[in-house]
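In the numbering used here, the protein residues as written are 2 to 135.
Quick look at the structure:
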C-alpha cells in the first residue's frame with residue numbers, strides 16, 4: 002500500500018514469490034495462507050484495469066477499489082490453503098495469488114526469535130506481462 006491512505010498501485014512488479022523457511026516451527030506459528038485460484042480472478046481484474054494504458058505508466062494507476070472488490074470475491078469463492086514448510090523446503094506463489102499470514106495460534110512452537118522466512122520477489126523482466134497468468 003502507498004501513502005497514508007494505503008492506496009494500491011503497481012510499485013513492485015515481481016515475477017513470483019519464493020518463500021524459504023529459515024527455522025523450524027509448528028504449523029500453527031503464523032503460517033502462510035493462499036487462496037486457491039485467486040490468481041485467476043486477480044489477473045482478469047488487473048488486465049481490465051491496465052488495458053489501453055502504457056505499461057510504463059501502470060505504477061501510477063490506482064487499483065485500490067479493484068483490488069478490494071476482487072479480494073472480497075476471492076474470500077467468498079476461493080478455498081483458503083495453509084502452507085507450512087521446514088528449512089530445506091521452499092514454496093513458490095504466483096505473483097497475483099492473494100496471500101497473507103494466519104494469526105499465531107496459542108501453543109504454537111517456534112524458536113525464541115519466532116518464525117523466520119526469507120521471501121524473494123524477483124522483478125519481472127517484461128512488465129507488460131505482469132497482469133497475465135504467464
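We put the CB at the ideal spot given by N, CA and C, even for glycine.
- Secondary structure of residue 110 (DSSP, three-state): coil.
- Counting the other Cβ atoms within 10 Å of the Cβ of residue 134 gives fewer than 16, which makes it exposed.
- Just measuring C-alpha positions, the residue of 4, 37, 26 sitting nearest residue 108 is 26.
- Inter-residue distance for residue 128 and residue 122 is about 14 angstroms (C-alpha atoms, whole angstroms).
- In the DSSP assignment, the residues bridged to residue 120 are 20.
- Burial check for residue 33: the Cβ neighbour count within 10 Å reaches 16 or more, so the residue is buried.
- Per DSSP, reduced to three states, the secondary structure at residue 85 is coil, with no helix or strand assignment.
- Residue 58 carries a helical assignment under DSSP once its states are collapsed to helix, strand and coil.
- By the neighbour-count criterion, in which 16 or more other beta carbons inside 10 Å mark a residue as buried, residue 75 falls on the buried side.
- Sequence-distant Cβ neighbours of residue 2 in its own chain, meaning closer than 7 angstroms and more than five residues away, are 8, 9.
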